[in-house]
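Student: The numbering used here numbers the first residue of the sequence shown as 3 and each following residue consecutively.
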Amino acid sequence: MNVSPLDTRVPAVLLRTDRNPFHHGTLGAVRSLGRAGVEVHLVADCAASPVRSSRFIRATHTPPRPGACLDEFARVLRRVADRVGRPAVLVALDDASAVAVARLRAELTDRFLLPAGPPDLAEQVADKAELAVLCGRLGLPHPATAVPDSAAEAEAAARELGLPVVAKWSRPWLLPAGSGLRSTVVLRSAGEAAALYRRSERAGSRLLLQAFLPPGLDRDWFFHGYVDRAGVVRCGGPGRKLGAWPPGAGLTTVGRWTPNPRVQALAERLTGALGYRGVFDLDFRREGRTDVYHLLDFNPRPGAQFRLFTDTAGVDVVRALHLDLTGRRVPDGAPVPGRTFVVENYAPLTALRPHPLPCPPSRPGARELAWYARDDRAPGLALWSLWPRHALGRLLAARTPPPVRHERAPAERAPDHHRAPDGHRAENRAGNRAEKRAENEKASSA
Numbered sequence: 003m004n005v006s007p008l009d010t011r012v013p014a015v016l017l018r019t020d021r022n023p024f025h026h027g028t029l030g031a032v033r034s035l036g037r038a039g040v041e042v043h044l045v046a047d048c049a050a051s052p053v054r055s056s057r058f059i060r061a062t063h064t065p066p067r068p069g070a071c072l073d074e075f076a077r078v079l080r081r082v083a084d085r086v087g088r089p090a091v092l093v094a095l096d097d098a099s100a101v102a103v104a105r106l107r108a109e110l111t112d113r114f115l116l117p118a119g120p121p122d123l124a125e126q127v128a129d130k131a132e133l134a135v136l137c138g139r140l141g142l143p144h145p146a147t148a149v150p151d152s153a154a155e156a157e158a159a160a161r162e163l164g165l166p167v168v169a170k171w172s173r174p175w176l177l178p179a180g181s182g183l184r185s186t187v188v189l190r191s192a193g194e195a196a197a198l199y200r201r202s203e204r205a206g207s208r209l210l211l212q213a214f215l216p217p218g219l220d221r222d223w224f225f226h227g228y229v230d231r232a233g234v235v236r237c238g239g240p241g242r243k244l245g246a247w248p249p250g251a252g253l254t255t256v257g258r259w260t261p262n263p264r265v266q267a268l269a270e271r272l273t274g275a276l277g278y279r280g281v282f283d284l285d286f287r288r289e290g291r292t293d294v295y296h297l298l299d300f301n302p303r304p305g306a307q308f309r310l311f312t313d314t315a316g317v318d319v320v321r322a323l324h325l326d327l328t329g330r331r332v333p334d335g336a337p338v339p340g341r342t343f344v345v346e347n348y349a350p351l352t353a354l355r356p357h358p359l360p361c362p363p364s365r366p367g368a369r370e371l372a373w374y375a376r377d378d379r380a381p382g383l384a385l386w387s388l389w390p391r392h393a394l395g396r397l398l399a400a401r402t403p404p405p406v407r408h409e410r411a412p413a414e415r416a417p418d419h420h421r422a423p424d425g426h427r428a429e430n431r432a433g434n435r436a437e438k439r440a441e442n443e444k445a446s447s448a
């Protein structure tokens, strides 16, 4: 193996609060570090996940609750650190965790190894409204964006941007489970924009509307990389999105490592201007009419398909993080253009097509599957016992009409940084019930 050996005396703690049981990026991180001999501790809810059966997990730990405040993140991580018993490399695998870890860096450095950087930068780039402002300041192409302050403004902005229009919640990690709200949706009418704005209070963050850039062949691109202590982008590279779910938007189901100097230059320019350090994942869409690449998202953590970019030295962005933070040299492996990554539960036909068997994990092959691996078969087998039930449940839920909710536009915007405390939510629910009783009594008297 041509990779500089990782310091196996230093364990890794992988942190994720998102409850998605089929997050294949988590399994990728577990396998990447575990195969290198690193002791892997997983802080995530994986009770119903194929990930839990990986032989590379040393121990699992209870994560913070979705929407947890910084104090809860700190308590959980201190408890995990006590159980691990020695300093560990901490890898955040979702936006909520990345934002919290960056904010808590000063008080975590005695227990964890973390990249340097401004404590608020992860939050800035992950917030889709703030990212639009950053791109404007840096002169980077970004879809035209409006952040309305009322339902009427949302309706007017949708018309001005041109229909259809893309609607996003600025901090999607704050969306409550079971709300029926999606982080990104394409709206076909101005009325839909106004109606969606009225749900801002429930969403927990600002609604933004963006000009719609049509998807198409050779238009959707991503870039994964790691910025080391010296500010140099190491490993990773540009990739083409050959398949996505939902189609035209959403997670990459089939991706291919494809050289693209323009995307590479944009990634390096952006991270350099921001002084960013650590792992990052960028999404771009090329506008067909102007041939300009627009930045759509900046994720301050590993992307789910980061294993696509495993170079000839066997290094990916998660291994680069561990090597750099433990003072080891990150070797200069060569890219592997044409290498593909397939998420087989979303692209089963692609996964089943005849293809040369993947190479051993010690060196990159022409293709890697998200779940199946010859040296770690259990998660791939567990996937097919769990996924059909999950998919059927999602299908039935999509066909069931959501309950009618009577929500009013908020008098003032709820804070973005944290959800309202439980007591405040209880007061809101009690107030809503009182209002409904008053309405019923009024109707009865009429």
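Glycine included, C-beta positions come from ideal geometry on N, C-alpha and C.
Check for me: the alpha helix (DSSP H) holding V12 runs from which residue to which?
Tutor: For the purposes of this step, residue 12 is taken as the residue at position 10 of the sequence shown. Per DSSP, V12 belongs to no alpha helix (DSSP H) and is neither H nor E.
Student: According to DSSP, is T273 part of a helix, a strand, or is it coil?
Tutor: Taking the first residue of the sequence shown as position 1, residue 273 is located at position 271. In the structure shown, T273 sits in a helix (DSSP, three-state: H, G or I).
Student: According to DSSP, what are the bridge partners of Y295?
Tutor: Working through the sequence shown from its first residue, we reach residue 295 at position 293. Paired residue(s): R288.
Student: How big is the Cα-Cα spacing for R415 and A61?
Tutor: Looking up residue 415 in the sequence shown gives position 413. Looking up residue 61 in the sequence shown gives position 59. Note that R415 has pLDDT 40, beneath the 50 cutoff, so the model's placement of it is unreliable and no number is given.
Student: Does the count of Cβ pairs from the segment 242-253 and the segment 266-284 closer than 8 Å reach three?
Tutor: Touching, no.
Student: Along the chain, where does the beta strand (DSSP E) that runs through Y228 open and close?
Tutor: One-based indexing of the sequence shown puts residue 228 at position 226. That run of the beta strand (DSSP E) goes 222-229.
Student: Can you give the Cα-Cα distance for P304 and T254, rounded to whole angstroms?
Tutor: Taking the first residue of the sequence shown as 1, we reach residue 304 at position 302. Taking the first residue of the sequence shown as 1, we reach residue 254 at position 252. Distance between the alpha carbons of P304 and T254: 13 Å.
Student: Start and end of the alpha helix (DSSP H) containing Q126?
Tutor: Indexing the sequence shown from 1 puts residue 126 at position 124. Run containing Q126: 123-128, per the alpha helix (DSSP H) assignment.
Student: Closest to P503 by CA distance: which of S152, A134, L351 is it?
Tutor: With the chain covering 3 to 448 only, the question about residue 503 has no answer from this structure.
Student: Measure the CB-CB distance between S99 and R184 and report whether it falls below 8 Å.
Tutor: As a first step, residue 99 must be located in the sequence shown, where it is residue number 97. As a first step, residue 184 must be located in the sequence shown, where it is residue number 182. Not closer than 8 Å, so no.
Student: Could you spell out where the beta strand (DSSP E) holding R21 opens and where it closes?
Tutor: For the purposes of this step, residue 21 is taken as residue 19 along the sequence shown, with counting starting at 1. Here R21 belongs to no beta strand (DSSP E), and DSSP marks it neither H nor E.
Student: Per DSSP, which one or two residues make a beta bridge with W386?
Tutor: In the sequence shown, the residue the question calls residue 386 occupies position 384. None, per the DSSP bridge assignment.
Student: With A195 and V167 assumed to form a contact (beta carbons below 8 Å), what rounded beta-carbon distance in angstroms separates them?
Tutor: Taking the sequence shown and counting its residues from 1, the one referred to as residue 195 is at position 193. Taking the sequence shown and counting its residues from 1, the one referred to as residue 167 is at position 165. Going by Cβ atoms, the distance from A195 to V167 rounds to 7 Å, so yes, they are a contact pair.
Student: Below 8 Å on the Cβ atoms is my contact criterion, and I expect P68 with A179 to pass it. Report the Cβ-Cβ distance as a whole number of Å.
Tutor: Mapped onto the sequence shown, residue 68 falls at position 66. Mapped onto the sequence shown, residue 179 falls at position 177. At roughly 6 Å, the Cβ-Cβ gap stays under 8 Å, so P68 and A179 are in contact.
Student: Ordered along the chain, which non-local residues of its own chain (more than five positions away) have a Cβ less than 6 Å from that of L328?
Tutor: To locate residue 328, count along the sequence shown from 1; it is residue 326. Per the sequence shown, the amino acid found at residue 328 is Thr instead of Leu. For T328, where only same-chain residues beyond five positions count, the Cβ hits under 6 Å are D9, V12.
Student: For A131, which residues of its own chain have a beta-carbon under 7 Å away from its beta-carbon, when the five flanking residues on both sides are left out?
Tutor: For the purposes of this step, residue 131 is identified with residue 129 of the sequence shown, where counting begins at 1. So the list reads V149, S172, R208, L210, once near-sequence residues are dropped.
Student: Let me check understanding here. Comparing Cα to Cα, which of G218, R369, P23 lies closest to H392?
Tutor: The count along the sequence shown starts at 1 and reaches residue 392 at position 390. Closest by alpha carbon: P23.
Student: R410 to E155, Cα distance in whole Å?
Tutor: If you number the sequence shown from 1, residue 410 lands on position 408. If you number the sequence shown from 1, residue 155 lands on position 153. Only weak support is given to the placement of R410: the predicted model assigns it a pLDDT of 46, under 50, and the question is left unresolved by the model.
Student: Taking contact to mean 3 or more Cβ pairs, one atom from each stretch, closer than 8 Å, check whether the segment 188-202 and the segment 217-226 are in contact.
Tutor: No, because fewer than three Cβ pairs between the segment 188-202 and the segment 217-226 fall closer than 8 Å, the two stretches do not touch.
Student: Can you give the beta carbon distance from G227 to V319, rounded, assuming they're within the 8 Å contact cut?
Tutor: By one-based count along the sequence shown, residue 227 stands at place 225. By one-based count along the sequence shown, residue 319 stands at place 317. Sure, about 6 Å apart at Cβ, within 8 Å.
Student: Could you check what DSSP says for L8 in three-state terms: helix, strand or coil?
Tutor: To locate residue 8, count along the sequence shown from 1; it is residue 6. Looking at L8 - three-state DSSP - the assignment turns out to be coil, as it is neither helix nor strand.
Student: Report the three-state DSSP secondary structure of T28 (helix, strand or coil).
Tutor: Here residue 28 refers to the residue found at position 26 of the sequence shown. Of the three classes helix, strand and coil, the one that applies to T28 here is helix, per DSSP.
Student: Just the Cα atoms here: how many angstroms apart are G340 and L284?
Tutor: Residue numbering aside, residue 340 sits at position 338 when the sequence shown is read from its first letter. Residue numbering aside, residue 284 sits at position 282 when the sequence shown is read from its first letter. Using only the alpha carbons, I get a separation of about 19 Å.
Student: Out of curiosity, what's the CA-to-CA distance linking R279 and A124?
Tutor: Position 277 of the sequence shown, counted from the start, is the residue given in the question as residue 279. Position 122 of the sequence shown, counted from the start, is the residue given in the question as residue 124. Looking at the two C-alpha atoms, the distance is approximately 10 Å.
Student: Once DSSP output is grouped into helix, strand and coil, what is the label at A416?
Tutor: The sequence position of residue 416 within the sequence shown is 414, counting from 1. A caution first: A416 carries a pLDDT of 38, below 50, which makes its placement in the model unreliable, though a value can still be read off. Coil at A416, not helix or strand.
Student: Within 10 Å of its beta-carbon, does T111 have 16 or more other beta-carbons around it, so buried, or fewer, so exposed?
Tutor: Translated into the one-based positions of the sequence shown, residue 111 becomes position 109. Counting Cβ neighbours within 10 Å, T111 comes out exposed, since fewer than 16 surround it.
Student: Where does W175 fall in DSSP's three states?
Tutor: Translated into the one-based positions of the sequence shown, residue 175 becomes position 173. If DSSP states are grouped into helix, strand and coil, W175 belongs with the helices.
Student: Between which residues of its own chain and D378 is the CB-CB distance below 7 Å, once the five residues before and five after are set aside?
Tutor: As a first step, residue 378 must be located in the sequence shown, where it is residue number 376. Cβ neighbours of D378 beyond the five flanking positions: R33, S56, R57, F58.
Student: Name the DSSP bridge partner or partners of D283?
Tutor: Working through the sequence shown from its first residue, we reach residue 283 at position 281. Beta-bridge pairing links D283 to H226, N301.
Student: Check whether the segment 371-387 touches the segment 340-352, taking contact to mean three or more Cβ pairs, one atom from each stretch, closer than 8 Å.
Tutor: Output reads yes: the segment 340-352 touches the segment 371-387.
Student: Quick check on this structure: which residue in R80, R107, P117, Q126 has the alpha carbon closest to the alpha carbon of V234?
Tutor: The residue you call residue 234 lines up with position 232 of the sequence shown. When only C-alpha atoms are compared, the closest one is P117.
Student: To the nearest angstrom, how far is the alpha carbon of L79 from that of A380?
Tutor: One-based indexing of the sequence shown puts residue 79 at position 77. One-based indexing of the sequence shown puts residue 380 at position 378. Each residue's alpha carbon lies about 28 Å from the other.
Student: Just to confirm my understanding: we take E74, look at its own chain, exclude 5 residues before and 5 after, and list those with CB closer than 8 Å. What are they?
Tutor: As a working mapping, residue 74 is identified with position 72 in the sequence shown. For E74, where only same-chain residues beyond five positions count, the Cβ hits under 8 Å are P66, R67.
Student: Quick check on the DSSP output: what are the complete beta strand (DSSP E) runs of length 3 or more inside the segment 311-385, in order along the chain?
Tutor: For the segment 311-385, whole beta strand (DSSP E) runs of length 3 or above, ordered along the chain, are 342-344, 369-371.
Student: If we ignore side chains and look at the alpha-carbon of each, how far apart do R231 and D326 end up?
Tutor: Taking the sequence shown and counting its residues from 1, one reaches residue 231 at position 229. Taking the sequence shown and counting its residues from 1, one reaches residue 326 at position 324. Roughly 7 Å separates the two Cα atoms.
Student: What's the call for L16, buried or exposed, on a 16-neighbour Cβ count within 10 Å?
Tutor: Here the question's residue 16 lines up with position 14 in the sequence shown. Buried is the call here.
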